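K.L.:
My questions will all concern the structure given below.
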Amino acid sequence: AVWARERTWEVTNEGTAPSASGEGARAESSYVLEMLPYPSGEPHIGHLKVYSVGDAIAHYHRRLGRRVLHPMGYDAFGLPAENHAIKTGVHPRDSTAESIASFQRQFRRWGISIDWSRELATCEPDYYRWTQWIFLELFHAGLAYRKEAAVKWCPHDQTVLANEQVDAEGHCERCGALVEIRQLEQWFLRITDYAERLLGDLDEIAWPEHVKTMQRNWIGRSEGAEVTFRCEELGSDYPVFTTRPDTLFGATFFVMAPEHPDVMRLAQGTEHERAVSEYINQALNETNEERGNAEKPKTGVPLGRTVTNPVNGEQIPMYVADYVLMEYGTGAIMAVPGHDERDYAFARAYDLPIRRVIEGPASAASEADPSAAETTEEEGLPYPGDGLLVNSRADFDGRNNREALGAIVEWLDREGKGHASINYRLRDWLVSRQRYWGCPIPIVYCERCGLVPVPVEELPVRLPDIDDYTPKGRSPLAAAEDWVNTTCPSCSGSARRETDTMDTFVDSSWYFLRYCDARNEQAAWDPAALREWMPVDQYIGGVEHAILHLLYARFFTKALADLGHLDFQEPFQALFTQGMVTKDGAKMSKSRGNVVSPAALVERYGADTARCYILFIGPPDQDADWSDEGMEGVHRFLSRLWRLVVETAARGQGASMPASQPLADDDLKLMRKAHWAIEKVSGDLRRFAFNTAIAAVMELLNECSRLRESVGIETLRFSLSTAASLLFPFAPHVCTDMYERLTGARVWEEPWPQADPALLESETYELVCQVNGKLRDRVQAAADASAEELKALCKAAPNVQAHLDGKELVKEIVVPGKLVNLVVR
RNA sequence: GCGGCGGUGGCGGAACGGUAGACGCGGAGGCCUCAAAAGCCUCUGUCCGCAAGGGCGUGUGGGUUCGACUCCCACCCGCCGCACCA
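Quick note, the first sequence lines up with residues 14 to 838 if you use this note's numbering.
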């Protein structure tokens, strides 16, 4: 109630607002952000986990004296709300609003320290107005364009999907239906222009290595060459991309993807025309799942044409085969069966020549045994490894293939037959969706002017209300005639609106910018606001967004920076990815009936217990299995702490420290434990080790309990208030109460405790005594004892003597402060 | 196939190259109670031993080191991502 009334977690933009006090050192700022939730139903256990992690970090940063921006919003457009609408007739806006209300209630209940003044939902016109503005900025820069393409189409959701939304087996990420390929005109964003920078800048950010690796793999950069093969009969050139120009002399045939636009033209008039046509139809009707299987036998048909291998003038036959993919490279390949497994399999199946152009170990072996050489011409093939070039060209033969590779590309370049090239796996981002509940694309189609962007002053293009959400293969918006029919902004003639909406990933690709200046009605943001907060210092979310959201957001940031709207290149300086919470080893789901509801949990145990347990369960970046017993344990811990605090507070309140000087015995022992805990929790918070941080406070409580009768009231009060202070980022409510009972002060206004170095050390320690590396005894040693003294102590230890008996001492290792190891023979 | 991450008690998990198993759960015994719940106390890797103590123990096999859960090499298993990417 106090935090809500006093708006404790709100921060102002000092860069834009007239500064209140004028001078004075401005506190360091910190932007702590968790991925915004998709509001569907109620928050689940995964939400409890991210926001518990993020809130702990936000609190820690605040108490280190930083001004912390910690906002919240909702990724509110999207398919589930629309599918729900189709089923129930409830407007997506209503079901979404209901869900948002439920999220808001829970977040308040959990006590997450959110700056509510910056709250946003991506489905609000105040927000999507600027999503549309960004789209137009990209459009004007040539980064948003329309293109007809073979696209992924989900027959169930009746919409086009991004490559990223189709799983490895070719299923729709959302509904699981088998995806089809359709030729359609769609909107794309030119993310491929940024492939190199998206790859290179990964080195600049503090992200988990596995996330960077996933992005690198997704971008899929390959260095090689583009080489042109010419079909003389038709007079057309076919470039291919290859990472192995060193094997060009081993190319014995040429293969095109079934989708390649020239395939039918090539086969026309040949004896193979009919077979080619049948093969293409069959291939295109195959599902991705069937086609993508690398294990299945290679198939294909000849085109009845040849191309010229530019390096030796040889005429090599052309084929169409479905193992060549249209979406990678140029949709055509040179086939080198001697040094590529797939080409080899195809050559064996269709009895095509296989030529060795690199000496591998096997061929070297057959040289040693000349009798075998003749019969085993192909032995050791396909050979994908490195070696000396053979059967190539006089000036390349005998050279190492890797060393010659560059020379071959240079030679091709000089001859005008090819050039060095870099190819990426990344495709442009398909952003249009034939769905209702999304951000309208601000474009109109005019009979006279063609495609015309809606002027910025007319934004937002509002999403109209409709009655029928059922997908019919075109956007449901097309039925809203009043809305669709409009006038051309350019010629005022009649025009029709674009009826597709944007992929929801567009909405979430810039929300972190809007938080910095969420109430700005004149612009998406004031650059001064961004200068104050961006980039995000700590971003937190699930690994499931390792590729999609995180790549798109980086792309938007770079594109907007190029357009002069931002002056930084990366949105998220540091990233933390939290693991999943499972139940009995399985993902929680309604169908399994193993869902643990945060609301019920909080109802029963309170938010503090729920938050602490979810952090105590294990390292937060790893998956963790839910256990009701573990939860009880954390609840017992908080109860025990609270009871001891209440009992102690009843003996008087005060903020004073115990007299530091003649501390003795148990008082000193407990003070040391408290300062040890400060040091431990601070370090653990810096490395996201919340589980061990909470364990350290447990240890401190255990020590307080043990020594409660034998220490002074001030020592006990200090130790317990320290425990409350350290635990506050994880259990804010009970810690606030405890801290106030003990000290009368508000814990969130207190600076983070500092460990006293003097109390982190003691004058004696337990010296570990080893013989031959095995622990044999422990003795008390003075902190300042010399190496000689330590050796003597060790040798004097009774159990050490027993193991030294009658043996020759060959070496003595002394690690001051730790151990002595005596090596005997 | 390629890339990444992981493998430690009955369980979740701790351990800058230096006492393996912190902390919690579970279990055993005890105290309190008429009884229970709650709470409190002790023990709890494993084998031998009354004990003192000792042997064995961090997926497997080697190596480096006075000393390895930790570093290196080769494997096995599990999870995740990508995958006919030319």
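We put the CB at the ideal spot given by N, CA and C, even for glycine. A quick note: this is a predicted structure, and the numbers were derived from the prediction, not measured.
Can you tell me where the beta strand (DSSP E) holding Gly305 begins and where it ends?
P.N.:
Counting along the chain, Gly305 falls outside any beta strand (DSSP E), and DSSP gives it neither H nor E.
K.L.:
Using three-state DSSP, classify Phe152 as helix, strand or coil.
P.N.:
Three-state result, Phe152: helix.
K.L.:
Would you grab the beta carbon distance between Tyr332 and Pro315 for me? Rounded to a whole angstrom, and I think it's under 8 Å.
P.N.:
Sure, about 5 Å apart at Cβ, within 8 Å.
K.L.:
Check each candidate in Ala134, Arg122, Lys100, Thr517 and name the one with the smallest Cα separation from Glu111.
P.N.:
Checked all of Ala134, Arg122, Lys100, Thr517; the closest Cα to Glu111 is Ala134.
K.L.:
Residue range of the beta strand (DSSP E) that Asp790 falls in?
P.N.:
Residues 787-795.
K.L.:
Using DSSP with H/G/I as helix, E/B as strand and the rest coil, what is Tyr482?
P.N.:
Looking at Tyr482 - three-state DSSP - the assignment turns out to be coil, as it is neither helix nor strand.
K.L.:
Can you confirm whether the stretch 206-218 touches the stretch 559-577 when touching is taken to mean that 3 or more C-beta pairs between the two stretches lie within less than 8 Å?
P.N.:
The answer is yes - the stretch 206-218 touches the stretch 559-577, with three or more Cβ pairs under 8 Å.
K.L.:
Tell me which residue opens and which closes the beta strand (DSSP E) that Ile437 is part of.
P.N.:
The sequence shown places Tyr at residue 437, not Ile. Residues 431-437.
K.L.:
Identify which residue in Asp530, Leu681, His558 has its Cα closest to the Cα of Ala545.
P.N.:
According to the sequence shown, residue 545 is Glu rather than Ala. Glu545 has its Cα closest to that of Asp530, out of Asp530, Leu681, His558.
K.L.:
Taking C-alpha atoms, which residue in Gln666, Thr255, Gly189 lies nearest to Ala348?
P.N.:
The shortest Cα separation from Ala348 among Gln666, Thr255, Gly189 belongs to Thr255.
K.L.:
Please return the same chain residues whose Cβ sits closer than 6 Å to the Cβ of Arg80, not counting the five positions on each side in sequence.
P.N.:
Only Val24, Ala40, Ser42 meet the Cβ criterion.
K.L.:
When the Cα atoms are used, what is the spatial distance from Ala810 to Ser775?
P.N.:
Computed Cα separation, rounded: 22 Å.
K.L.:
Would you grab the beta carbon distance between Arg838 and His816 for me? Rounded to a whole angstrom, and I think it's under 8 Å.
P.N.:
Contact doesn't hold; Cβ gap of about 12 Å is too wide.
K.L.:
Taking the straight line between their C-alpha atoms, what separation do you get for Arg624 and Phe116?
P.N.:
Each residue's alpha carbon lies about 16 Å from the other.
K.L.:
Give the DSSP bridge partners of Pro473, in chain order.
P.N.:
In the DSSP output, where bridge partners are listed per residue, Pro473 has none listed.
K.L.:
If you follow the beta strand (DSSP E) that Tyr73 is in, where does it begin and where does it stop?
P.N.:
Premise fails: Tyr73 lies in the alpha helix (DSSP H), 58-76, not in any beta strand (DSSP E).
K.L.:
Locate the alpha helix (DSSP H) running through Cys717, then write down its first and last residues.
P.N.:
Segment 703-720, the alpha helix (DSSP H) holding Cys717.
K.L.:
So, for Val467: in the same chain, excluding its five sequence neighbours on each side, which residues have a beta-carbon less than 7 Å away from its beta-carbon?
P.N.:
These residues qualify, in order along the chain: Pro455, Ile456, Val457, Val474, Pro502.
K.L.:
Could you check which residue in Gln767, Val337, Ala736, Ala768 has the C-alpha nearest to that of Glu753?
P.N.:
Checked all of Gln767, Val337, Ala736, Ala768; the closest Cα to Glu753 is Ala736.
K.L.:
What residue range is occupied by the uninterrupted alpha helix (DSSP H) comprising Phe569?
P.N.:
Element bounds for Phe569: 561-575.
K.L.:
Helix, strand or coil for Ser43, going by three-state DSSP, please let me know.
P.N.:
If DSSP states are grouped into helix, strand and coil, Ser43 belongs with the strands.
K.L.:
Please name the residue or residues paired with His285 in a DSSP beta bridge.
P.N.:
Beta-bridge pairing links His285 to no other residue.
K.L.:
Nearest CA to the CA of Glu19: which residue from Ala407, Arg759, Val792?
P.N.:
Of the listed residues, the one whose Cα sits closest to Glu19 is Arg759.
K.L.:
Quick check on DSSP: helix, strand or coil for Ser130?
P.N.:
In the structure shown, Ser130 sits in a helix (DSSP, three-state: H, G or I).
K.L.:
Among the residues of its own chain, which have a CB less than 8 Å from the CB of Gly506, if the five just before and after it don't count?
P.N.:
Closer than 8 Å at the Cβ level, and outside the excluded window around Gly506, lie Cys459, Glu460, Arg461, Cys462, Thr500.
K.L.:
Quick check: Ile285 and Gly313, are their CB atoms within less than 9 Å of each other?
P.N.:
Checking the sequence shown, residue 285 turns out to be His, not Ile. The answer is no: Cβ separation not under 9 Å.
K.L.:
Relative to the alpha-carbon of Ser488, which residue among Trp450, Asp495, Leu472 has its alpha-carbon at the smallest distance?
P.N.:
Answer by Cα proximity: Trp450.
K.L.:
Exposed or buried, what is Pro153 when buried is set at 16 or more other beta-carbons lying within 10 Å of its beta-carbon?
P.N.:
Just to set this straight, residue 153 is His in the shown sequence, not Pro. Counting Cβ neighbours within 10 Å, His153 comes out exposed, since fewer than 16 surround it.
K.L.:
Taking DSSP's pairing of strands, which residues face Ser235 in a bridge?
P.N.:
Answer is Asn436.
K.L.:
Taking the alpha-carbon positions, what's the Phe650 to His688 distance?
P.N.:
Computed Cα separation, rounded: 20 Å.
K.L.:
Can you round the beta-carbon distance between Gln582 and Ala574 to whole angstroms, since I take them to be within the 8 Å contact cut?
P.N.:
Confirmed, Cβ separation roughly 6 Å.
K.L.:
So what's Gly411 in DSSP terms, helix, strand or just coil?
P.N.:
Coil.
K.L.:
Going by C-alpha distance, which of Tyr51, Gln635, His273 is nearest Phe90?
P.N.:
The shortest C-alpha separation from Phe90 is found at Tyr51.
K.L.:
Just grab the DSSP bridge partners of His352 for me.
P.N.:
For His352, which the question treats as bridged, DSSP gives no partner whatsoever.
K.L.:
Rank Val556, Gly398, Ser53 by C-alpha distance to the C-alpha of Arg257 and give the top, closest one.
P.N.:
With distances taken between Cα atoms, Arg257 lies closest to Gly398.
K.L.:
What does DSSP give as the partner residues of Tyr458 in its beta bridges?
P.N.:
Looking at the DSSP assignment, Tyr458 forms a beta bridge with Leu464, Arg509.
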